[in-house]
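S.K.:
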Amino acid sequence: MAKNAIQKIAMNAAENIPYDKLMLSQKNVRRMKDGVSIEQLAEDIGRRKLIQSLNVRPVLDGEGEETGMFEVPAGGRRYLALGILIKQKRLAKNEPIPCIVNRGQETSAEEDSLAENLRRADLHPLDQFRAFKTLSDQGLDPDEIGARFFVSPATVKQRLRLASVSPQLLDLYENDEIRLEQIMAFSISDDHGRQEQVWERISSSHTQEPYYIRRLLTETTVRADDRRAVYVGAEAYEAAGGVILRDLFEQDSGGWFQDAALLEQLVFDRLKVDAEAIRAEGWKWVEAAISFPYGHTSGMRRIYAEAQELSAEEIERYDALKAEYDKLDADYAQAGDADEAIEAKLDQLGAQLDAIDDRPQSYDSAQKANAGVFVTLAANGKLQVDAGFVRSEDEPRTETGDVDEGEEGGSDGETRSNGDDDGDGVVVNGKPVHDGSGDDDGEDDGIKPLPDRLVFDLTAQRTLALRNALAGDVDIAFVAALHAFVLQVFYRFAPNTCLEISLKSGSFSQVDGLAETSWAKEIAERHEAWDRDLPDDAEGLWDFLLGLDEASRKALFAHCVSLTLNAVVEPWNRRAKALEHADVLGRSLQFDMVDAGWTPTVEFLGRLTKARILQAVREARGADSAQLIDHMKKDIMAREAARLLEGSSWLPEPLRVDVDEVSDDAGDAAASEMSEDAAIDGDAAELPAFLTDDADPSSDEPVTIDGDGTDHLQAAE
8 MAKNAIQKIA MNAAENIPYD KLMLSQKNVR RMKDGVSIEQ LAEDIGRRKL
58 IQSLNVRPVL DGEGEETGMF EVPAGGRRYL ALGILIKQKR LAKNEPIPCI
108 VNRGQETSAE EDSLAENLRR ADLHPLDQFR AFKTLSDQGL DPDEIGARFF
158 VSPATVKQRL RLASVSPQLL DLYENDEIRL EQIMAFSISD DHGRQEQVWE
208 RISSSHTQEP YYIRRLLTET TVRADDRRAV YVGAEAYEAA GGVILRDLFE
258 QDSGGWFQDA ALLEQLVFDR LKVDAEAIRA EGWKWVEAAI SFPYGHTSGM
308 RRIYAEAQEL SAEEIERYDA LKAEYDKLDA DYAQAGDADE AIEAKLDQLG
358 AQLDAIDDRP QSYDSAQKAN AGVFVTLAAN GKLQVDAGFV RSEDEPRTET
408 GDVDEGEEGG SDGETRSNGD DDGDGVVVNG KPVHDGSGDD DGEDDGIKPL
458 PDRLVFDLTA QRTLALRNAL AGDVDIAFVA ALHAFVLQVF YRFAPNTCLE
508 ISLKSGSFSQ VDGLAETSWA KEIAERHEAW DRDLPDDAEG LWDFLLGLDE
558 ASRKALFAHC VSLTLNAVVE PWNRRAKALE HADVLGRSLQ FDMVDAGWTP
608 TVEFLGRLTK ARILQAVREA RGADSAQLID HMKKDIMARE AARLLEGSSW
658 LPEPLRVDVD EVSDDAGDAA ASEMSEDAAI DGDAAELPAF LTDDADPSSD
708 EPVTIDGDGT DHLQAAE
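Going letter by letter, the sequence shown gives residues 8 to 724 in this note's numbering.
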């Protein structure tokens, strides 16, 4: 039995039809503009000619005969783009256009139009990346590629960067095992080995978010907004062979400096040059470092520059500017409506006034010869110069005796007199006192000095009498104590007091970042303000203190006393009673570390164990919140815990107030707060969406806390 012959498919014929014989069909299903515009398509056809034929059908008359015209149901955008080229005189009206002619019409025009659009598959993004990479390898720069395909040069650079990711990771992306957002994160590094290492680390982890990939790829780098990077500058760093990692898909604030060791060397080299330039101004010494520990100036006296006096012309100009500023400001305040021109003028006048106020300051050459300068980097990367520090060994001494400094009987900063040739003796009121040995009782050689023992007895009586008198005058006693404190705090080794009061002040230089805290900055500003007001010589201090008003004396007294406070817990130094008193003092001040501005940062939490981090979240936000992060690795856990603890007023144990010692009212309040916190157990704080089970894992929204955000847990255990 013969087999039925398979019907062969016959393709529609291709013909070149003059453009003026074509017309746009109204049966084209595309109605909405999408993708490349008609104008851009015309430019593309003008450059590379038509690379896809039009699908056309003959137009029939009433008897079913062809009229010689053809309608275009599929390829309408190409037809319109060719029309633009004709209007631009770049294409002839009768130019033959490649067309596929459907005369059989086994399907409708609408079906053909729909099929052409639906059956067309867009390029996989990876194919586009690789195609751009091929064009780049052929010698086209991003600007040229962008111009040819009507995308921005930045977009081309992004695609090229994605194509440069490790082939191993691109294969995973092709097989839908890695998301595009993850490939974008990997693209910040050119090191394929490091990219693959990071993927191996996170591939079996719950946390594979782009931000985490970026963090791992940049964990040994230095951000471009770091003070060291700003100080050196990207241009100098790259000129020295350094590489800057850039994120082309997110704001990266300048990227990351990959070679931290090179950057540090460039910082030190430039600091050396800057320090030598400052030393050439006449200073005795200059110390330069990226940063100095807190309290590095302890034990040094500070001298300050004097501003140049204003000339008569400058005073006259200042008064005129101030009058103009005040009048304009008063008129503007009454106007009510905002006016950018007036505000700009006020800013201009204010800047001119500030320029006059900020007088150039200068140090005396003799002061420079005995003092030094600390040079470091400010947080914004600018050079910070702190000048005018006198070391203790450079303090001027008046030594008329031959007793070496530091020997028994000598004291730093004291004035000594040799009296006899042997250099032994006591100085009273600037005159030598002897013990009278070897002297006769005669009067032949004049009046002899009083015996040492007698002098001791008499001055002991005077001391007790003075103590008694001082106890009866509270104001003078306060000034005397303040005088002794100020001498030690501001004048260091000046022995100008008869009070045997000693101050000690710990510097805590071993604590990183302490100098950058708001508390350290406030203390330093207050100290410098007093230091500028105090007399240069210790001899004038007493009269200065007497001349202060009571409020100023109390403020200065509080500042000096505050510098002696030490509530640091040290394992080798058992100071239980002293630390108990620190708690008492804190309660008397109604002091709270949360109110003072302390917050649990990522850096702090990173120093805790995972169990401690979870305990903190559990105490502040309840067990449900802790469970949501208990599966994370420690660094991610610390980050999310910091977000959860934000606004909770949680404190670690060493910073908490001992509620057992608080008054009944305060205790009740604390107990109430703890009850409220306990209720949080059933109402966990809202986490970022990617931490919840039913959320989009790519989301990275900030944490929001339910309620008013004022939970307190000062003594939870």
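Virtual Cβ for every residue (Gly too), placed ideally from N, Cα, C.
Which residue's Cα is closest to the Cα of threonine 383: Arg166, Ile297, Ser399?
M.R.: Residue mapping note: residue 383 aligns to position 376 of the sequence shown, counting from 1. The residue with the shortest Cα to Cα distance from threonine 383 is Ile297.
S.K.: Would you call the CB atoms of glycine 388 and tyrosine 238 closer than 7 Å?
M.R.: Counted from its first residue, the sequence shown places residue 388 at position 381. Counted from its first residue, the sequence shown places residue 238 at position 231. Yes, Cβ-Cβ distance for glycine 388 and tyrosine 238 is below 7 Å.
S.K.: Leucine 506 and alanine 484: beta carbons closer than 7 Å?
M.R.: The residue given as residue 506 occupies position 499 in the sequence shown. The residue given as residue 484 occupies position 477 in the sequence shown. Result no, Cβ atoms of leucine 506 and alanine 484 do not sit closer than 7 Å.
S.K.: So the beta strand (DSSP E) alanine 394 belongs to, where does it begin and stop?
M.R.: On the sequence shown, position 387 is the one that residue 394 refers to. Per DSSP, alanine 394 belongs to the beta strand (DSSP E) from 390 to 397.
S.K.: What are the start and end residues of each continuous alpha helix (DSSP H) run of 4 or more residues lying completely inside the region 600 to 676, in chain order?
M.R.: Qualifying alpha helix (DSSP H) stretches, in chain order: 609 to 613, 617 to 628, 630 to 636, 641 to 652.
S.K.: For cysteine 505, which of helix, strand or coil comes out of DSSP?
M.R.: Mapped onto the sequence shown, residue 505 falls at position 498. Cysteine 505 falls in the coil class under three-state DSSP.
S.K.: Grab me the residues of lysine 149's own chain with a C-beta within less than 6 Å of its C-beta, minus the 5 sequence neighbours each way, in chain order.
M.R.: Mapped onto the sequence shown, residue 149 falls at position 142. Contrary to the premise, residue 149 reads as proline rather than lysine in this sequence. Excluding residues within five positions, the ones whose Cβ falls inside 6 Å are Pro160, Val163, Lys164.
S.K.: Please check if any C-beta of chain D sits within less than 7 Å of the C-beta of serine 569.
M.R.: The structure shown contains no chain D, having only a single protein chain.
S.K.: Assuming cysteine 106 contacts alanine 21 (C-beta within less than 8 Å), just tell me the rounded distance between them.
M.R.: By one-based count along the sequence shown, residue 106 stands at place 99. By one-based count along the sequence shown, residue 21 stands at place 14. With a Cβ gap of about 7 Å, cysteine 106 and alanine 21 count as contacting.
S.K.: Please work out which residues of its chain come closer than 8 Å, Cβ to Cβ, to glutamate 203, disregarding the five sequence neighbours upstream and downstream, and give them in chain order.
M.R.: Here residue 203 refers to the residue found at position 196 of the sequence shown. Counting only Cβ-Cβ distances below 8 Å, and skipping sequence neighbours, we find Ser173, Gln175, Leu176.
S.K.: Would you decide whether alanine 231 is buried or exposed? Buried here means 16 or more other CB atoms lie within 10 Å of its CB.
M.R.: By one-based count along the sequence shown, residue 231 stands at place 224. Classification of alanine 231: buried, given that the 10 Å Cβ count is 16 or more.
S.K.: Mapping the DSSP letters down to three states, classify glutamate 78 as helix, strand or coil.
M.R.: To locate residue 78, count along the sequence shown from 1; it is residue 71. It is a strand residue.
S.K.: Helix, strand or coil, according to DSSP, for tryptophan 290 in the structure here?
M.R.: Residue 290 sits at position 283 when you count from the first residue of the sequence shown. Tryptophan 290: coil per DSSP, three-state reduction.
S.K.: Which first and last residues belong to the beta strand (DSSP E) in which threonine 383 is found?
M.R.: Within the sequence shown, numbered from 1, the residue matching residue 383 stands at position 376. 379 to 384 is the span of the beta strand (DSSP E), which, as asked, contains threonine 383.
S.K.: Please classify aspartate 333: is it buried, with 16 or more other beta-carbons within 10 angstroms of its beta-carbon, or exposed?
M.R.: To locate residue 333, count along the sequence shown from 1; it is residue 326. It is exposed - the Cβ of aspartate 333 has fewer than 16 other Cβ atoms within 10 Å.
S.K.: So, using beta-carbon positions, are valine 79 and valine 66 closer together than 7 Å?
M.R.: The count along the sequence shown starts at 1 and reaches residue 79 at position 72. The count along the sequence shown starts at 1 and reaches residue 66 at position 59. Taking 7 Å as the Cβ cut-off, valine 79 and valine 66 do not qualify as a contacting pair.
S.K.: Pick from Arg398, Val481, Asp602: whose alpha carbon is nearest that of valine 293?
M.R.: The residue you call residue 293 lines up with position 286 of the sequence shown. Out of Arg398, Val481, Asp602, Arg398 has the C-alpha closest to the C-alpha of valine 293.
S.K.: May I ask you to report which of helix, strand or coil DSSP gives glutamate 73?
M.R.: Position 66 of the sequence shown, counted from the start, is the residue given in the question as residue 73. Note: glutamate 73 maps to strand in three-state DSSP.
S.K.: Taking 7 Å as the cut-off, decide whether the C-beta atoms of leucine 133 and glutamate 184 are in contact.
M.R.: Position 126 of the sequence shown, counting from 1, holds the residue named residue 133. Position 177 of the sequence shown, counting from 1, holds the residue named residue 184. No, Cβ-Cβ distance for leucine 133 and glutamate 184 is not below 7 Å.
S.K.: Can you tell which of Asp281, Asp550, Trp526 has the C-alpha that lies nearest to the C-alpha of aspartate 602?
M.R.: Within the sequence shown, numbered from 1, the residue matching residue 602 stands at position 595. When only C-alpha atoms are compared, the closest one is Trp526.
S.K.: Whose CA, out of Leu615, Met644, Leu652, Ala645, lies closest to the CA of glycine 629?
M.R.: Working through the sequence shown from its first residue, we reach residue 629 at position 622. Comparing Cα-Cα distances from glycine 629 to each of Leu615, Met644, Leu652, Ala645, the minimum goes to Leu652.
S.K.: Three or more beta-carbon pairs under 8 Å between the region 298 to 316 and the region 268 to 275, yes or no?
M.R.: These segments do not touch.
S.K.: Are at least three pairs of beta-carbons, each pair with one atom in the region 323 to 331 and one in the region 355 to 367, less than 8 Å apart?
M.R.: At 8 Å Cβ cutoff, the stretches touch.
S.K.: Could you say which of Leu356, Thr227, Ile190 lies nearest to leucine 167 if we only look at CA atoms?
M.R.: Stepping through the sequence shown from its first residue, residue 167 is reached at position 160. Considering only alpha carbons, the answer is Ile190.
S.K.: Just the Cα atoms here: how many angstroms apart are aspartate 411 and phenylalanine 381?
M.R.: In the sequence shown, counting from the first residue as 1, residue 411 sits at position 404. In the sequence shown, counting from the first residue as 1, residue 381 sits at position 374. Note that aspartate 411 scores 41 on pLDDT, short of 50, meaning its location in the model is unreliable and no value can be drawn from it.
S.K.: Would you list the one or two residues that DSSP bridges to asparagine 109?
M.R.: Indexing the sequence shown from 1 puts residue 109 at position 102. None; asparagine 109 has no bridge partner.
S.K.: What are the residues that DSSP puts in a beta bridge with serine 229?
M.R.: Along the sequence shown, read from residue 1 onward, the residue named residue 229 stands at position 222. Note that residue 229 is valine in the sequence shown, not serine. Answer is Phe264, bridged to valine 229.
S.K.: Alpha carbon to alpha carbon, how far is glutamine 622 from threonine 606?
M.R.: The count along the sequence shown starts at 1 and reaches residue 622 at position 615. The count along the sequence shown starts at 1 and reaches residue 606 at position 599. Between glutamine 622 and threonine 606, the C-alpha separation is close to 16 Å.
S.K.: Since glutamate 22 is in the beta strand (DSSP E), which residue starts that stretch and which ends it?
M.R.: In the sequence shown, counting from the first residue as 1, residue 22 sits at position 15. Residues 21 to 25.
S.K.: In terms of alpha-carbon separation, which member of Leu360, Gln341, Asp336, Gln359 lies closest to glutamate 350?
M.R.: The residue labelled residue 350 in the question sits at position 343 within the sequence shown. Out of Leu360, Gln341, Asp336, Gln359, Asp336 has the C-alpha closest to the C-alpha of glutamate 350.
S.K.: Taking only three categories from DSSP, how would you classify asparagine 101?
M.R.: If you number the sequence shown from 1, residue 101 lands on position 94. In this structure, asparagine 101 counts as coil in the three-state DSSP scheme.
S.K.: Let me know the beta strand (DSSP E) ranges lying completely inside the region 270 to 342, each 3 residues or longer, listed in chain order.
M.R.: For the region 270 to 342, whole beta strand (DSSP E) runs of length 3 or above, ordered along the chain, are 292 to 295.
S.K.: Name the DSSP bridge partner or partners of isoleucine 251?
M.R.: Stepping through the sequence shown from its first residue, residue 251 is reached at position 244. Phe264.
S.K.: So the candidates are Leu61, Glu102, Lys28; which of them puts its Cα closest to the Cα of proline 77?
M.R.: Here the question's residue 77 lines up with position 70 in the sequence shown. Here residue 77 is phenylalanine; the residue named in the question, proline, does not match the sequence. The shortest Cα separation from phenylalanine 77 among Leu61, Glu102, Lys28 belongs to Lys28.
S.K.: Quick one: is valine 576 buried, meaning 16 or more other Cβ sit within 10 Å of its Cβ, or exposed?
M.R.: As a first step, residue 576 is located in the sequence shown; it is residue number 569 there, counting from the start. Classification of valine 576: exposed, given that the 10 Å Cβ count is below 16.
S.K.: For the alpha helix (DSSP H) that contains asparagine 124, what are its first and last residues?
M.R.: For the purposes of this step, residue 124 is taken as residue 117 along the sequence shown, with counting starting at 1. First-last of the alpha helix (DSSP H) with asparagine 124: 116 to 125.
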